[in-house]
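The next block holds one structure in the form of structure tokens; read it before the comments.
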Ligand code: ZN
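Numbering (this note's numbering), first residue to last: 3 to 303.
Shown next, in the form of structure tokens:
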């Protein structure tokens, strides 16, 4: 009988290992009408689904001026929450539920304008590390950027958040041994996207994984700005990508792969995914093969 038990245990453990990682994409509002969150959430879901690792549920919060009294997502049922969401504030009980989720080890993925959200929620700004717009200035924390190869901060006052026209730009890897970036080229071209600069925040427990040069010729700061970050908050892991303005930006293989890997890392602390051969190079943008299926998009350029 002993071998039967061993077989049963082996079967159970292989099933357990293959159990999908539950991920919630949280959307429902954007302070900026040009962030088409319904569309970008569907693309994010597709990108996570195709890894075969995740079971993804899209949860839409009430509109910013809506009734939140019955909105209490079961955060603890998920290993990672992806925020594709930008609202001004939440009721205190909902904020407490979300804080408890991250404090107890829940993963958090912050995509693009989600770092504009909740300018006055201290814990949220500690989780994201950096944010922009919505009135942020010196009290939000210093500006953070790379200078002479090192993470540097500047607490001089000034509005937080700026970007130029959406053009392709080169992403420079700063932490090549981090699980999210292991095996990726040290430099790669991201498709046309908003290159966020002059973000401010507490920057506590923050590791900048990758930067991009913000060109003053395109309303940039002249600094190497944080593009990908990881943070710790309580027992929770946070992955923050400032990229991902719209569908064309999400159709970049570089966005998709770092998003897929970052979500796995936030959820589990590990990355098991291979880097696809189609990953962009230091001088060439690479679009996903499902570009056309993403809808009525203009041809990639
Ligand atoms: Zn944007």
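Glycine residues also receive a C-beta, built at the ideal position from the N, C-alpha and C atoms. Quantities reported herein were computed from a predicted structural model and do not represent experimental measurements.
- The beta carbon of residue 43 sits closer than 6 angstroms to the beta carbons of 27, 29, 60, 86 from its chain, once the five residues preceding and following it are set aside; these are given in chain order.
- Under the three-pair Cβ rule at 8 angstroms, the segment 174-191 does not count as touching the segment 117-133.
- Here the alpha carbon of residue 63 sits roughly 11 angstroms from the alpha carbon of residue 71.
- DSSP places residue 221 outside both helix and strand once states are collapsed to three, so it counts as coil.
- Here DSSP, grouped into helix, strand and coil, assigns residue 246 to coil.
- Inclusion of residue 272 and residue 178 in the CB contact set at 8 angstroms is not warranted, their separation being larger than that value.
- Less than 8 angstroms divides the Cβ of residue 214 from the Cβ of residue 197.
- Restricting attention to 171, 66, 50, 79, the CA atom closest to the CA of residue 89 is found in 66.
- Under the DSSP definition of a beta bridge, residue 227 partners with 214.
- Not one heavy atom of the ligand ZN sits closer than 7 angstroms to the Cβ of residue 242.
- Going by C-alpha positions, residue 291 is about 9 angstroms away from residue 255.
- The closest heavy atom of the ligand ZN lies less than 7 angstroms from the beta carbon of residue 196.
- Taking each of 152, 193, 204, 149 in turn and checking the Cα distance to residue 162, the smallest one comes out for 204.
- At least one heavy atom of the ligand ZN falls within 7 angstroms of the beta-carbon of residue 115.
- When secondary structure is reduced to three states using DSSP, residue 39 falls in the helix class.
- Relative to the ligand ZN, even the nearest heavy atom lies 7 angstroms or more away from the CB of residue 180.
- A distance below 8 angstroms separates the beta carbons of residue 77 and residue 100.
- Assignment of residue 147 by DSSP, reduced to helix, strand and coil, places it in the strand class.
- The secondary-structure analysis by DSSP pairs residue 28 across a beta bridge with 61, 85.
- The DSSP assignment places 124-130 as complete runs of the alpha helix (DSSP H) inside the segment 113-138, in order along the chain (cut-off: 4 residues).
- Nearest C-alpha to residue 135 among 164, 152, 127, 147: 164.
- Of all alpha-carbon atoms in 45, 83, 22, 92, the one lying nearest the alpha-carbon of residue 264 is that of 83.
- Inclusion of residue 37 in the 7 angstroms shell around the ligand ZN follows from its C-beta lying nearer than that to a non-hydrogen atom of the ligand.
- Using a Cβ-Cβ distance cut-off of 8 angstroms, the segment 143-163 and the segment 90-109 are not in contact, since fewer than three pairs of beta carbons, one from each stretch, lie closer than that value.
- In the DSSP secondary-structure assignment, residue 174 is bridged to 189, 213.
- Of the residues 81, 102, 146, the one whose Cα lies closest to the Cα of residue 125 is 102.
- Relative to the non-hydrogen atoms of the ligand ZN, the Cβ of residue 192 never comes closer than 7 angstroms to any of them.
- In the structure shown, residue 241 adopts extended strand secondary structure according to DSSP, grouped into three states.
- Across the set 32, 37, 20, 21, the C-alpha of 37 shows the shortest separation from the C-alpha of residue 250.
- Three or more beta-carbon pairs separated by less than 8 angstroms link the segment 223-232 to the segment 136-156, which places the two stretches in contact.
- In the three-state reduction of the DSSP assignment, residue 286 falls in the coil class.
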